[in-house]
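In what follows, a single structure is set out as structure tokens and then discussed.
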Ligand SMILES: Cc1cc2nc3c(=O)[nH]c(=O)nc-3n(C[C@H](O)[C@H](O)[C@H](O)COP(=O)(O)OP(=O)(O)OC[C@H]3O[C@@H](n4cnc5c(N)ncnc54)[C@H](O)[C@@H]3O)c2cc1C
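Residue numbers (our numbering): 836 to 1227.
Here is the structure:
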């Protein structure tokens, strides 16, 4: 049984069903939905989606940026460029793609619906998991109970399944994001290329890229909230629209214009959790954000969930008949890799957001001198997802 029908849960269902297992997935919401914003998929995720036979469909609704420009929020200057063109594709075997989250979820959902080994149910909120020895029982809020051979908890950052494995809580980092996609025709500046832009500066960053074949333009504004205090973390008193305006008030003109188009109806606090050394209890394991929620600064949360799914499917195939062994082999491969990504994402945020004198000066010097086709910093992240050397 898979609990949670997000990107992780649907991909895990496909991977397990492809390995010959019968999968039942439950989702608490009435529908399978993703918010109306973009998502970046790096080659490590593309490789897995291709193995599941889905990458052509993903590519068809994606945009393939030719470059990622890292810009400075205040000066407006280019700090560096990562070339996503031929050399990138030759090196990693796949392009870097950006797409609408709903489009990705739709492709995964259709594939699950078409797979004879997968059944899906919505409006089913898991409230309790019991260990029956040789099987597991999953109880839902509406009183439904399921007995199953094994459980994969893919219920996101606030995972209830994780509480069977660990007592840790999500960690607020005092940053929030405002994000959303708008019709490209409404963008008040010219979108001349498919390139992606990430603007970095003291206590903030801003991400821009086109999605849905260029019909929509995705923007994300992230900043450190001066009003944040751990005691009010779960309230709406911090990370306000007023703080958003103030955070970007000293930015260059291009960014000021872009900010007028940012969606303000909802904000996303930035959270992660401590990396765990174990994801399994009896016949239950975790996957995706339930296992390793991370700050989104490397754009890898969903990519890592997709990699997890691939690893889980391989291990379930390899250790058929012994699910505990399969779950242990899965976490042995996945935990070192996802821990590294979780910690690197935190570090990457500090590197982008530093508001001192020395770190930004050194950072900008390093960034401005690197070559666009120098992939030495991305190899560890993008080479993987192939089922080999994933913890390198
Ligand atoms: C601003 C931002 C930008 C990001 N950008 C990127 C990016 O560009 N690239 C990238 O790879 N990642 C990115 N991420 C991270 C990515 O969105 C997540 O890592 C990914 O969506 C996690 O998928 P998941 O399936 O594990 O969890 P979720 O998407 O959270 O899905 C969990 C599902 O479980 C369901 N559920 C929860 N509890 C229960 C229950 N008790 N019973 C039944 N169902 C339940 C929920 O309703 C939900 O459908 C970003 C994140 C943020 C916040």
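All C-beta atoms, glycine included, are put in the ideal place defined by N, C-alpha and C.
Inter-residue CB distance, residue i and residue j (contact presumed, cutoff 8 angstroms)
{"i": "residue 1176", "j": "residue 1133", "result": "6 angstroms"}
{"i": "residue 1137", "j": "residue 842", "result": "5 angstroms"}
{"i": "residue 1234", "j": "residue 966", "result": "Since the first residue shown for the chain is 836 and the last is 1227, residue 1234 is missing from the structure and cannot be characterised."}
{"i": "residue 825", "j": "residue 1102", "result": "Since the first and last residues shown for the chain are 836 and 1227, residue 825 lies out of range."}
{"i": "residue 855", "j": "residue 1152", "result": "7 angstroms"}
{"i": "residue 909", "j": "residue 1087", "result": "6 angstroms"}
{"i": "residue 1009", "j": "residue 1060", "result": "6 angstroms"}
{"i": "residue 1154", "j": "residue 1164", "result": "6 angstroms"}
Pairwise C-alpha distance: residue j and residue i
{"i": "residue 929", "j": "residue 1029", "result": "17 angstroms"}
{"i": "residue 1108", "j": "residue 1128", "result": "6 angstroms"}
{"i": "residue 1007", "j": "residue 1074", "result": "12 angstroms"}
{"i": "residue 839", "j": "residue 1192", "result": "44 angstroms"}
{"i": "residue 1184", "j": "residue 1131", "result": "9 angstroms"}
{"i": "residue 834", "j": "residue 1119", "result": "Shown here, the chain extends from 836 to 1227; a query on residue 834 therefore has no answer."}
{"i": "residue 1157", "j": "residue 1150", "result": "10 angstroms"}
{"i": "residue 860", "j": "residue 943", "result": "13 angstroms"}
{"i": "residue 1226", "j": "residue 1210", "result": "Here the model assigns residue 1226 a pLDDT of 35, short of 50, so the residue's position is not dependable and the matter cannot be decided."}
{"i": "residue 1148", "j": "residue 1205", "result": "38 angstroms"}
{"i": "residue 845", "j": "residue 1042", "result": "27 angstroms"}
{"i": "residue 1062", "j": "residue 1014", "result": "20 angstroms"}
{"i": "residue 1166", "j": "residue 1215", "result": "19 angstroms"}
{"i": "residue 1218", "j": "residue 867", "result": "31 angstroms"}
{"i": "residue 1055", "j": "residue 836", "result": "34 angstroms"}
{"i": "residue 1187", "j": "residue 1040", "result": "7 angstroms"}
{"i": "residue 1016", "j": "residue 1084", "result": "22 angstroms"}
{"i": "residue 954", "j": "residue 858", "result": "6 angstroms"}
{"i": "residue 961", "j": "residue 971", "result": "13 angstroms"}
{"i": "residue 1078", "j": "residue 906", "result": "22 angstroms"}
{"i": "residue 998", "j": "residue 1115", "result": "11 angstroms"}
{"i": "residue 1194", "j": "residue 914", "result": "14 angstroms"}
{"i": "residue 1070", "j": "residue 994", "result": "20 angstroms"}
{"i": "residue 1207", "j": "residue 901", "result": "11 angstroms"}
{"i": "residue 1019", "j": "residue 1126", "result": "36 angstroms"}
{"i": "residue 1051", "j": "residue 1213", "result": "27 angstroms"}
{"i": "residue 1162", "j": "residue 996", "result": "15 angstroms"}
{"i": "residue 1159", "j": "residue 1024", "result": "55 angstroms"}
{"i": "residue 899", "j": "residue 918", "result": "11 angstroms"}
{"i": "residue 1027", "j": "residue 896", "result": "19 angstroms"}
{"i": "residue 940", "j": "residue 1046", "result": "14 angstroms"}
{"i": "residue 1224", "j": "residue 1168", "result": "With a pLDDT of 40 at residue 1224, under the threshold of 50, the modelled position of that residue is not reliable, and the figure given next carries that caveat. Rounded to whole angstroms, residue 1224 to residue 1168 spans 9 angstroms at the Cα level."}
{"i": "residue 923", "j": "residue 903", "result": "12 angstroms"}
{"i": "residue 1171", "j": "residue 1021", "result": "44 angstroms"}
{"i": "residue 1173", "j": "residue 1181", "result": "13 angstroms"}
{"i": "residue 916", "j": "residue 947", "result": "38 angstroms"}
{"i": "residue 885", "j": "residue 894", "result": "10 angstroms"}
{"i": "residue 1111", "j": "residue 911", "result": "39 angstroms"}
{"i": "residue 1048", "j": "residue 933", "result": "9 angstroms"}
{"i": "residue 877", "j": "residue 1076", "result": "31 angstroms"}
{"i": "residue 1233", "j": "residue 875", "result": "With the chain running from 836 to 1227 in the structure shown, residue 1233 is simply not present."}
{"i": "residue 1044", "j": "residue 956", "result": "34 angstroms"}
Residue i, enclosing alpha helix (DSSP H) - first and last residue
{"i": "residue 1079", "result": "1076-1082"}
{"i": "residue 846", "result": "842-853"}
{"i": "residue 1050", "result": "Counting along the chain, residue 1050 falls outside any alpha helix (DSSP H), and DSSP gives it neither H nor E."}
{"i": "residue 1177", "result": "1158-1188"}
{"i": "residue 1140", "result": "1136-1153"}
{"i": "residue 1204", "result": "1193-1204"}
{"i": "residue 946", "result": "936-949"}
{"i": "residue 1089", "result": "1088-1094"}
{"i": "residue 958", "result": "Premise fails: residue 958 is in no alpha helix (DSSP H) and is neither H nor E."}
{"i": "residue 884", "result": "878-886"}
{"i": "residue 1068", "result": "First-last for residue 1068: undefined, no H or E at that position."}
{"i": "residue 895", "result": "890-895"}
{"i": "residue 923", "result": "921-927"}
{"i": "residue 1215", "result": "1214-1217"}
Boundaries of the beta strand (DSSP E) in which residue i is found, first to last residue
{"i": "residue 1129", "result": "Element bounds for residue 1129: n/a, residue is neither H nor E."}
{"i": "residue 1018", "result": "1006-1018"}
{"i": "residue 976", "result": "Run containing residue 976: none; DSSP gives neither H nor E here."}
{"i": "residue 1106", "result": "1103-1107"}
{"i": "residue 1119", "result": "1119-1121"}
Min CB distance residue i to chain B below 8 angstroms
{"i": "residue 1048", "result": "Checking the listed chains, one finds no chain B in this structure; it contains a single protein chain."}
Inspect the CB distances between the segment 926-941 and the segment 883-900 and report whether three or more fall short of 8 angstroms.
yes
Does the segment 992-1010 touch the segment 848-857, meaning 3 or more C-beta pairs lie closer than 8 angstroms?
no
Cβ contact (3+ pairs, closer than 8 angstroms) linking the segment 966-986 and the segment 875-889
no
So does the segment 1086-1101 actually touch the segment 1033-1045, counting three or more Cβ pairs closer than 8 angstroms?
yes
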